[in-house]
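Note that the numbering used here has the sequence shown beginning at 145, numbered continuously upward. Cβ coordinates follow ideal geometry from the N, Cα and C atoms, glycine included. Since we're looking at a predicted model, the values are computed, not measured. Reading through the structure tokens given below for one structure.
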Amino acid sequence: MLRIVLDTNVLVSALHFGGEPDEILTLVLQGDLFMVASKVLLNELSGVLEKKLSWPPDKISQTLALLKRRAELVNPKKKLSVAKHEADNRVLECAAEGQALCIVFGDKRHLQALKNFQGIPILSPGDFLKKYRTGHWS
């Protein structure tokens with residue numbers, strides 16, 4: 145099964161706005177994709193849902209519990225300093241530790257400029273879905 149890391153922007157979009165990120169999260173929740181996450185990434189998600197989107201605490205707790213049940217939680221041992229934004233390095237650390245085959249990243253200004261990290265492609269939600277549907281992984 146395809147192991148992926150979804151960055152916080154993609155998860156927030158999936159949970160709050162829908163669209164292509166929601167399609168990807170649905171595939172994870174159905175068991176068609178395997179999500180790799182870390183406590184740091186889920187804490188970042190919790191903070192965004194609470195502070196920026198004003199989600200109630202019980203809804204955040206339920207959402208995080210569901211994600212934890214459907215994801216492999218890793219604890220990256222190696223700290224990276226590849227990306228300009230520290231939070232982006234946490235995504236890369238998670239992908240490396242969890243042996244992800246793809247990183248789905250929502251912010252074009254940041255990680256997508258890398259194109260890949262240690263051979264792991266970094267794709268937008270739309271590009272990921274195109275590759276997933278056709279089964280083409282390079």
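In the DSSP assignment, E241 falls within the alpha helix (DSSP H) that extends over 230-241. Considering only G242, Q262, D251, the residue with the shortest C-alpha distance to L146 is G242. In terms of Cβ geometry, V235 and L193 do not form a close pair [threshold 9 Å].
If you draw a straight line from the Cα of Q206 to the Cα of G263, it comes to about 34 Å. The DSSP assignment places complete beta strand (DSSP E) segments of no fewer than 3 residues inside the region 158-183 at 178-182, in order along the chain.
Here DSSP, grouped into helix, strand and coil, assigns P201 to helix. Of V184, D166, F161, G279, the smallest CA-CA separation from K221 is found for V184. In the three-state reduction of the DSSP assignment, A215 falls in the strand class, which pools E and B. A Cβ-Cβ contact shorter than 9 Å links L189 with L208. When only Cα atoms are considered, V180 and L197 end up about 24 Å apart. Within the model, the alpha-carbon separation for K259 versus I247 is close to 10 Å. DSSP places L146 outside both helix and strand once states are collapsed to three, so it counts as coil.
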